[in-house]
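Everything in the sequence shown is counted per this note's numbering, starting at 281 for the first residue and increasing by one. Beta carbons: idealized from backbone N, C-alpha and C, even for Gly. Keep in mind it's a predicted model, so treat the numbers as computed, not measured. Written out below as structure tokens is the structure these notes cover.
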Amino acid sequence: RLYRGLATEATSSRMPPYAKIVRNLETVRRVLGSERSLTLAEKILYAHLGNVEESLLTGTNNGRDIRGKANLKLKPDRVAMQDASAQMALLQFMSCGLPSTAVPASIHCDHMIVGERGADTDLPASIQGNAEVFDFLESAAKRYGIEFWPPGAGIIHQSVLENYAAPGLMMLGTDSHTPNAGGLGAIAIGVGGADAVDALVDAPWELKAPKILGVRLEGQLSGWASPKDIILHLAGRLTVRGGTGFVIEYHGPGVETLSCTGMATCCNMGAEVGATTSLFPFSPSMVPYLEATHRGHVAKAAAEIAASGPGNLLRADDKAEYDQLITINLCELEPHINGPFTPDLSVPLSKFADTVREKKWPETFGAGLIGSCTNSSYEDMTRAEDLVKQASAAGLKPKADFFITPGSEQIRATLDRDQTLNTFSEAGGVVLANACGPCIGQWKRTDGVPKDVDNAIFTSYNRNFPGRNDGNRKTMNFLASPELVTALAYSGSTTFNPMIDTLSTPSGETFKFQAPKGSDLPSAGFEEGNPKFLPSAAVPDPSQEVIVSPTSDRLALLEPFAPFPNGDLTNLKVLYKVKGQCTTDTISAAGPWLKYKGHLPNISANTLIGAVNAATGETNVAYDENGKQHSIPELAEQWKQRGIEWLVIAEDNYGEGSAREHAALQPRYLGGRVIVSKSFARIHETNLKKQGVVPLTFANREDYDRIDACDVVDTVGLYDVLQAGGEGKVQLRVTKKKTGESFLIPVQHTLSKDQSAFILAGSALNLLAKKVTA
Ligand code: SF4
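In structure tokens, the structure reads:
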């Protein structure tokens, strides 16, 4: 493929560093002993360790008990970022002072494009509305040598699959559906921006070694069943939490019957069961897909490794053991529909009509939407096209609105050439921009559905929580394969089963769909499409100015946080005592605040606004020393202005939910130094340390009851612990605001040597910046 503005064959940065990965796997084998069988996920992960011995032997019963125990320090091969999360990732990267990224990286402008009337009008409007963010991302990409995929080029995961994913690669992406690349045999993990920065600056990225959930596929799909139905069915079996802490590793004879893009769909939605990632072993369908997407050289190298013997990098060892094993017989799998409001409420198509009636879900629906990063492959679209052609030949038109979102310019241009889009348009379908659009709430729905009335839509997307698509919490989004969504759109009825039910044609005849047929890959190859959507060159240009307007309310350069003082923290004040659950969404709400993701001062005005006051039961109501009422961010800001540093007291699993780094950055920006809780969510605890906030847990849980808002707290021993690289004990001296009484309570910490250094420096980025300038 050609880079925009630089007619160079883009081959080198898209070839995984196979020689290094294979050599590292040999080291892993030597350390663990030749008797130890490895799963595929273990091979790829462990072959990306910065220090094999340290990670695999420390605290793991001499390498016998790694999964769920070892702390892996990984060196990913590549990073991909979408436009919303890239902003903070890049602002953090910039503050390190490096001239270029340490690994190849890409930015994809996809989340901020609205879907309404079609690509031709929607795209220019969205570009205009977000110009300052896109200009910033493009200028930073040019400066640091990051490939920039402009608005309209495609959705991050589709572009990654078409250009960067490869068997045996390990990559991070600042988006939860990054595991889509597992369809091409990569370990691809969704992370927050601060984690992406680790990889961009060549610092080790830490991950608790995941357990491995094996999914054995037997038999072959047929008729209406599609790869989407594998993951819809699996989501029903595992539930939204069933994959937490696991990598889902597909294997078995059924794998070889699936298309590469079908496997990507399965991996994409592994995020819906909480899995760290999902992946498939090297399979024959990967070779023609890589060749068709201009990466014959990668196909050749991967095929050679796959043929290099039974213990090779790209397959699990014969005796590999899984922590859990699920078997699915593809011959028996029927289409599934999942929802509403949760992706794990899975109903087989044959039972769906009865379920609709029993649960009193709407019996009609307003829109069918196909495509997105989950399901916009050539196979998906040509199977949907086949159904549209059948219906059109019978004189039928969709009864529900019908929208099509191509995942990339490559797929759009190819479908355009092959008349697939024309078939959709002639049937009344609306082709939206190559972007996320309705999948991420960027859908200006025009069919007049009231906000307070139950209504249904069908999509081939991956998520369906309330309000996800059109901002209407009453809209029930049922997830299904694109072919099922298409067929259902012709009936407009949620109880229609196209496998057995019939429709009436305008001439009064009975029409029944035949099972859809499509092609994995276009026989005439993929089209390049509009050259303006090709990425910029990955060549750093130090003369390029990064464009951030000083008057912008959406972007602000980051100021480094101050280093830790030369002694313990004194006179911290309790800003808030949180009652009950406190997720990253409680700490840094999404929705309209997403607009400010690149502007730390502005987004900090949402800090902790979802938190419940333990003393009063009120949400987002804090009281200062004089009893005056404020919102939490208001009080934090006032204290910041007065030079008062503060802490938060919380209950269990503080910071659960997404890996959102804003939930750690914002408290730090507003003067938060310590969070004391009954327990922490692991990722958030790490994020806090990276931003220089000290997470401590009560040694005695009942001490939570002894501290209140506005009490004064000093740390005792913390400075010594930090100096000693995490060794030693910490206490808190609490002085009650009301009585002046003072007492000590013991607290626990999980500070490692590296993390102690982050905190002393003020943040992990400060430490990195120091190393860069040293
Ligand atoms: Fe996320 Fe939807 Fe965009 Fe995919 S299409 S990256 S799921 S917002």
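### Task
Take every Cβ of the stretch 410-421, pair it with every Cβ of the stretch 364-374, and state whether three or more of those distances are shorter than 8 Å.
yes
### Message
Closer than 8 Å to a non-hydrogen atom of ligand 1 - does that hold for the CB of Q1035?
### Response
Your numbering for residue 1035 matches position 755 in the sequence shown. The answer is no for Q1035.
### Task
Please state whether DSSP places G463 in a helix, a strand or coil.
Residue numbering aside, residue 463 sits at position 183 when the sequence shown is read from its first letter. Three-state DSSP puts G463 in a helix.
### Task
Say yes only if the C-beta of N742 is nearer than 8 Å to one or more non-hydrogen atoms of ligand 1, and no if none qualify.
As a position in the sequence shown, residue 742 is number 462, starting the count at 1. N742 Cβ: within cutoff of ligand 1.
### Query
If you measure from the CB of D750, is any heavy atom of ligand 1 nearer than 8 Å?
Here residue 750 is taken as the residue at index 470 of the sequence shown, counted from 1. No.
### Task
With DSSP collapsed to three states, give me the class of F414.
On the sequence shown, position 134 is the one that residue 414 refers to. Three-state result, F414: helix.
### Query
How is Q699 classed by DSSP in three states: helix, strand or coil?
Here residue 699 corresponds to residue number 419 of the sequence shown, with the count starting at 1. Of the three classes helix, strand and coil, the one that applies to Q699 here is coil, per DSSP.
### Query
At what residues does the alpha helix (DSSP H) containing W919 begin and finish?
Sequence index remark: in the sequence shown, residue 919 carries index 639 (1-based). Unbroken alpha helix (DSSP H) run through W919: I912 to Q921.
### Query
Taking the alpha-carbon positions, what's the N742 to A671 distance?
Sequence index remark: in the sequence shown, residue 742 carries index 462 (1-based). Sequence index remark: in the sequence shown, residue 671 carries index 391 (1-based). Rounded to the nearest angstrom, the two C-alpha atoms are 26 Å apart.
### Query
Considering A1041, what are the terminal residues of the alpha helix (DSSP H) in which it resides?
Taking the sequence shown and counting its residues from 1, one reaches residue 1041 at position 761. Counting along the chain, the alpha helix (DSSP H) containing A1041 begins and ends at K1033 to A1041.
### Message
Check this for me: beta carbons of T459 and G348, under 9 Å apart or not?
### Response
Working through the sequence shown from its first residue, we reach residue 459 at position 179. Working through the sequence shown from its first residue, we reach residue 348 at position 68. Per the sequence shown, residue 459 should be read as Pro rather than Thr. Their beta carbons are not under 9 Å apart, which means P459 does not touch G348 by this criterion.
### Query
Does the Cβ-Cβ distance between A1066 and L768 come in under 9 Å?
Nothing can be reported for residue 1066: it is not among the residues displayed for the chain, which extend from 281 to 1054.
### Message
Suppose you measure from the CA of A581 to the CA of V892; what does that come to, to the nearest Å?
### Response
Counting from one through the sequence shown, the residue named residue 581 turns up at place 301. Counting from one through the sequence shown, the residue named residue 892 turns up at place 612. For A581 and V892, the distance between alpha carbons rounds to 55 Å.
### Message
Less than 7 Å between C-beta atoms, sequence neighbours within five positions excluded: which residues of the same chain meet that for P802?
### Response
Position 522 of the sequence shown, counted from the first residue, corresponds to residue 802. Excluding positions up to five away in sequence, the list reads Y658, T694 and D698.
### Query
Can T654 be considered in contact with ligand 1, in the sense that its beta carbon sits closer than 8 Å to one or more heavy atoms?
Residue mapping note: residue 654 aligns to position 374 of the sequence shown, counting from 1. At least one heavy atom of ligand 1 is nearer than 8 Å to the Cβ of T654, so yes.
### Buried or exposed by the 16-neighbour rule on C-beta atoms within 10 Å, applied to G951
Locating residue 951 in the sequence shown gives position 671, counting from the first residue. It is buried - the Cβ of G951 has at least 16 other Cβ atoms within 10 Å.
### Task
Specify, as a first and last residue, the run of the beta strand (DSSP E) that F1022 falls within.
Sequence index remark: in the sequence shown, residue 1022 carries index 742 (1-based). A quick correction: the sequence has Ser, not Phe, at residue 1022. Run containing S1022: S1022 to Q1028, per the beta strand (DSSP E) assignment.
### Query
Regarding S539 and ligand 1, is the C-beta to nearest heavy atom distance less than 8 Å?
Taking the first residue of the sequence shown as position 1, residue 539 is located at position 259. Using a cutoff of 8 Å, the CB of S539 does not count as near ligand 1, since none of the ligand's heavy atoms is closer than that.
### Query
What residues are listed by DSSP as bridge partners for N851?
Position 571 of the sequence shown, counting from 1, holds the residue named residue 851. In the DSSP output, where bridge partners are listed per residue, N851 has none listed.
### Query
So what's P762 in DSSP terms, helix, strand or just coil?
Counting from 1 along the sequence shown, the entry for residue 762 is found at position 482. Assignment of P762 by DSSP, reduced to helix, strand and coil, places it in the helix class.
### Query
With contact counted as at least three CB pairs below 8 Å, one residue from each stretch, are the stretch 970-979 and the stretch 1018-1031 in contact?
Yes: at least three Cβ pairs fall under 8 Å.
### Task
Quick one: measure Cβ to Cβ for A479 and P356, integer angstroms, because I've assumed they're closer than 8 Å.
What you label residue 479 is simply residue 199 of the sequence shown in a count that begins at 1. What you label residue 356 is simply residue 76 of the sequence shown in a count that begins at 1. With 8 Å as the limit, A479 and P356 qualify as a contact, their Cβ atoms being about 5 Å apart.
#### Entry: R595, buried or exposed, once every other Cβ within 10 Å from all chains shown has been counted against 16
Within the sequence shown, the letter at position 315 stands for residue 595. Under this definition R595 is a buried residue.
### Task
Output the distance between the C-alpha atoms of E612 and T537, rounded to the nearest integer angstrom.
On the sequence shown, position 332 is the one that residue 612 refers to. On the sequence shown, position 257 is the one that residue 537 refers to. Distance between the alpha carbons of E612 and T537: 14 Å.
### Alpha carbon of S380 to alpha carbon of D455, nearest angstrom
Locating residue 380 in the sequence shown gives position 100, where the first residue counts as 1. Locating residue 455 in the sequence shown gives position 175, where the first residue counts as 1. Their backbone Cα atoms lie some 22 Å apart in a straight line.
### Message
Tell me which residue opens and which closes the alpha helix (DSSP H) that F632 is part of.
### Response
For the purposes of this step, residue 632 is taken as residue 352 along the sequence shown, with counting starting at 1. Note, F632: alpha helix (DSSP H), L629 to K639.
### Query
If you draw a straight line from the alpha carbon of I720 to that of T775, how long is it in whole angstroms?
Numbered from 1 along the sequence shown, position 440 holds the residue referred to as residue 720. Numbered from 1 along the sequence shown, position 495 holds the residue referred to as residue 775. Going by the C-alpha atoms only, they are around 27 Å apart.
### Query
Ends of the alpha helix (DSSP H) at D363?
Sequence index remark: in the sequence shown, residue 363 carries index 83 (1-based). D363 to M374 is the extent of the alpha helix (DSSP H) around D363.
### Query
Cβ of I436 versus every heavy atom of ligand 1: is any distance shorter than 8 Å?
Taking the first residue of the sequence shown as 1, we reach residue 436 at position 156. Yes, since a heavy atom of ligand 1 falls inside the 8 Å radius drawn around the Cβ of I436.
### Query
In three-state terms, what does DSSP make of Q861?
Translated into positions along the sequence shown, residue 861 becomes position 581. Coil.
### Task
Write down every uninterrupted run of the alpha helix (DSSP H) in the stretch 570-598 whose length is 4 residues or greater and which is fully enclosed by it, in chain order.
576-586
### Query
By Cβ distance, which residues of its chain are closer than 6 Å to A544, with the 5 residues on each side in sequence left out?
As a working mapping, residue 544 is identified with position 264 in the sequence shown. For A544, where only same-chain residues beyond five positions count, the Cβ hits under 6 Å are L441, N460 and G463.
### Message
Let me make sure I understand the geometry here. Which of I987, A1004, V1010 and C990 has the alpha-carbon closest to that of L998?
### Response
Start at 1 with the first residue of the sequence shown, and residue 998 comes out as number 718. Comparing Cα-Cα distances from L998 to each of I987, A1004, V1010 and C990, the minimum goes to V1010.
### Task
With DSSP as the reference, please indicate the residues paired to E529 in a beta bridge.
As a position in the sequence shown, residue 529 is number 249, starting the count at 1. Paired residues: G494 and L559.
### Query
Measuring CB to CB, does A269 end up less than 9 Å from F738?
Here the chain covers residues 281 to 1054 and nothing more, so residue 269 does not appear.
### Task
Using the Cα positions of F806 and I691, report the straight-line distance between them to the nearest angstrom.
One-based indexing of the sequence shown puts residue 806 at position 526. One-based indexing of the sequence shown puts residue 691 at position 411. Taking the straight line joining both Cα atoms gives about 7 Å.
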